Amino acid sequence: MNKKITIGIAVLMTALMVFLPLAHSASHAETPAAFAATSKAAVMLDSKTGTVVFEKNVKEHLQIASMVKIMTLSIAFDEIEKRGIALETLVTASDNAASMGGSQAFLDANAQYRLDELLKSIIVASANDSCVAVAEYLCGSVDEFVSVMNARAAEWGMNDTRFVNCTGLPKDGQYSCASDVAVMFGKLIGHERFFEYAKEWTYDFAHPDGRVTRLTNTNKLVRFYDGCDGGKTGYTDAARSCVTVTAKRGDTRFVCVVIGAENSKTRNKEVSELLNYGFANYKTVYAVRGGDVIGEFDVHNGKTEKATVVAEKDCSVFVKSGDKCEITLEPEIGGLCAPIAAGDVVGKINVCVNGEKYCEVGAVSQSDCAKKGYLDIVDDFISKW
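So for the sequence shown, my numbering puts the first residue at 956; every next one is plus one.
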């Protein structure tokens, strides 16, 4: 028989004096219209829930310059993890890769570089030559890599994006939009390795012949904005000044995209203003965290009479400061029957906001619970005789 239990204070009932934007979108009336005034397009959202806090021309097709590399890096990290490629793998830089202009690590043609060093140079210094070397290594050619980029974009619902190269260097037919850039950046920051590289301010890129190239982070906000721990910049005459950044304070992380600002100084100012507004007015509250104990439940025919049930994963609620709501947890755990293994899903936990279901989290057994054997049944019988 299913049990639907509203958890009391002792078992994780959460009552918070906060406000949840249930529609997952902040109203325009609450957001100063002057933000991102000079930029062609912009969006800022909560990274966990996708709640949009600010938007401007988010679907307009625009050049995004080197922010194309966000997708290049997302695909690269995905493929490396999927194929189990060692980051120490040596990659040979082709003549094509070494010939790239614009921002670069100044790779030597036919020289070998570690894959992780190439990725780091893309993240820190927007190295076009490293992009091409990685693309050719992973897919055999840039054209094939770009095909993967476009296929993955379609898979991710990026319907206002088309890639024609992996660098963002000017080329007809390439475009994206603010909302799609936010999507692909959200995928990229799912890779912890990105943050390891993105925090570097300056470092020496070593070449096999002993030559060293000093690379400096193109994202100045990683050093000068409190909480900014990653991003990707871009500039071309057509795209103007662009940036996508993420910043985290406490449990709250924002992703902010600005396309087509007048210059880098204005771009950084507009991004900083948006982030300041976000951190001042919103926060992330955890209704439940993975591993939190939900309760103990009877187990039929088990060697142990009860199983401790915990939340399978985190569930956070993005809230606006100053308003009120109540968050409660309501577990639904069916009749448990041995055997049960640690990690088995035994029910669900409904997260409710103001009495309405917001999301659900799996409820799992914290430990193993073996089934009674014949001797266990006999022992039980004797003990109760």
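Cβ atoms here follow ideal geometry from the backbone N, Cα and C, with glycine treated the same way. Note that the coordinates shown come from a computational prediction; the quantities given were computed from them, not determined experimentally.
Compute the Euclidean distance between the alpha carbons of residue i and residue j, then round it to the nearest angstrom.
{"i": "threonine 1188", "j": "threonine 1173", "result": "6 angstroms"}
{"i": "lysine 1203", "j": "alanine 1064", "result": "39 angstroms"}
{"i": "arginine 1222", "j": "tyrosine 1313", "result": "36 angstroms"}
{"i": "lysine 1224", "j": "glutamate 1155", "result": "21 angstroms"}
{"i": "proline 1163", "j": "glycine 1141", "result": "34 angstroms"}
{"i": "leucine 1093", "j": "serine 1276", "result": "46 angstroms"}
{"i": "leucine 1079", "j": "serine 1196", "result": "Here the sequence assigns valine to residue 1079, which means leucine is not the residue at that position. Between valine 1079 and serine 1196, the C-alpha separation is close to 17 angstroms."}
{"i": "arginine 1208", "j": "lysine 1126", "result": "33 angstroms"}
{"i": "threonine 1259", "j": "cysteine 1132", "result": "56 angstroms"}
{"i": "glutamate 1315", "j": "alanine 1297", "result": "20 angstroms"}
{"i": "leucine 1176", "j": "alanine 1053", "result": "29 angstroms"}
{"i": "glycine 1056", "j": "valine 1306", "result": "52 angstroms"}
{"i": "glycine 1232", "j": "lysine 1003", "result": "The residue you asked about is not glycine; residue 1232 is tyrosine in the sequence shown. Near 18 angstroms, if we compare the C-alpha coordinates of lysine 1003 and tyrosine 1232."}
{"i": "glutamate 1015", "j": "threonine 993", "result": "15 angstroms"}
{"i": "glutamate 1010", "j": "glutamate 1251", "result": "45 angstroms"}
{"i": "asparagine 1012", "j": "glycine 1257", "result": "59 angstroms"}
{"i": "serine 1322", "j": "alanine 1293", "result": "12 angstroms"}
{"i": "tyrosine 1237", "j": "glutamate 1091", "result": "43 angstroms"}
{"i": "aspartate 1071", "j": "isoleucine 1019", "result": "25 angstroms"}
{"i": "lysine 1279", "j": "cysteine 1183", "result": "29 angstroms"}
{"i": "valine 1254", "j": "aspartate 1247", "result": "20 angstroms"}
{"i": "isoleucine 1077", "j": "phenylalanine 1100", "result": "16 angstroms"}
{"i": "tryptophan 1111", "j": "alanine 1137", "result": "11 angstroms"}
{"i": "threonine 1283", "j": "threonine 1239", "result": "16 angstroms"}
{"i": "alanine 1109", "j": "threonine 1116", "result": "9 angstroms"}
{"i": "isoleucine 1144", "j": "tyrosine 1190", "result": "21 angstroms"}
{"i": "serine 1096", "j": "leucine 1074", "result": "17 angstroms"}
{"i": "aspartate 1299", "j": "isoleucine 1249", "result": "14 angstroms"}
{"i": "aspartate 1033", "j": "valine 1198", "result": "22 angstroms"}
Less than 8 angstroms separating the beta-carbons of residue i and residue j?
{"i": "valine 1243", "j": "serine 1320", "result": "no"}
{"i": "isoleucine 1295", "j": "alanine 1266", "result": "no"}
{"i": "asparagine 1309", "j": "glutamate 1281", "result": "yes"}
{"i": "isoleucine 1040", "j": "arginine 1107", "result": "no"}
{"i": "alanine 1262", "j": "leucine 1291", "result": "yes"}
{"i": "serine 1021", "j": "serine 1058", "result": "yes"}
{"i": "phenylalanine 1273", "j": "threonine 1006", "result": "yes"}
{"i": "isoleucine 1025", "j": "methionine 1104", "result": "no"}
{"i": "threonine 1201", "j": "glycine 1186", "result": "yes"}
{"i": "tyrosine 1068", "j": "leucine 1042", "result": "no"}
{"i": "leucine 1017", "j": "glycine 1215", "result": "yes"}
{"i": "threonine 1157", "j": "arginine 1166", "result": "no"}
{"i": "alanine 1325", "j": "isoleucine 1288", "result": "no"}
{"i": "tyrosine 1160", "j": "alanine 1060", "result": "For clarity, residue 1160 is phenylalanine in the given sequence; the question names tyrosine instead. Yes, the pair counts as a contact, with Cβ atoms nearer than the cut-off."}
{"i": "valine 1213", "j": "alanine 1066", "result": "no"}
{"i": "tyrosine 1152", "j": "aspartate 1206", "result": "no"}
{"i": "aspartate 1269", "j": "glycine 1302", "result": "no"}
Is the shortest distance between the beta-carbon of residue i and the beta-carbons of chain D less than 8 angstroms?
{"i": "alanine 1235", "result": "The structure shown has no chain D; it contains just one protein chain."}
Please classify residue i as buried or exposed, where buried requires at least 16 neighbouring CB atoms within 10 angstroms.
{"i": "cysteine 1037", "result": "Per the sequence shown, residue 1037 should be read as lysine rather than cysteine. The residue is exposed, with fewer than 16 neighbouring Cβ atoms inside 10 Å."}
{"i": "alanine 991", "result": "buried"}
{"i": "aspartate 1135", "result": "buried"}
{"i": "phenylalanine 1118", "result": "buried"}
{"i": "serine 1102", "result": "exposed"}
{"i": "serine 1081", "result": "buried"}
{"i": "glutamate 1147", "result": "exposed"}
{"i": "aspartate 1001", "result": "buried"}
{"i": "glutamine 1129", "result": "buried"}
{"i": "lysine 1220", "result": "exposed"}
{"i": "valine 1008", "result": "buried"}
{"i": "serine 1271", "result": "buried"}
{"i": "asparagine 1218", "result": "exposed"}
{"i": "alanine 989", "result": "exposed"}
{"i": "asparagine 1114", "result": "exposed"}
{"i": "alanine 1193", "result": "exposed"}
Is residue i near the ligand NAD, going by C-beta to nearest heavy atom under 7 angstroms?
{"i": "isoleucine 1030", "result": "As presented, the structure is devoid of all ligands, the ligand NAD included, so that no description of it is given."}
- Task: Would you check if there are 3 or more beta carbon pairs closer than 8 angstroms linking the stretch 1122-1129 to the stretch 1082-1097?
- Result: A contact exists between the stretch 1122-1129 and the stretch 1082-1097.
- Message: Could you tell me which whole beta strand (DSSP E) segments of length 3 or greater appear in the stretch 971-1055?
- Response: 996-1001, 1007-1011 and 1045-1047
- Unbroken beta strand (DSSP E) runs of length 3 or more, entirely within the stretch 1207-1238: which are they? 1207-1216
- Identify every run of the beta strand (DSSP E) within the stretch 1241-1293, keeping only runs that are complete inside it and at least 3 residues long; order them along the chain. 1248-1255, 1261-1266, 1270-1275 and 1282-1288
- Message: If we require 3 or more residues per run, which beta strand (DSSP E) segments fall completely within the stretch 1133-1204?
- Response: 1157-1161, 1167-1171, 1183-1191 and 1195-1204
- Item | Contiguous beta strand (DSSP E) assignments of at least 3 residues, all confined to the stretch 1056-1133 | Listed in chain order, they are 1067-1069.
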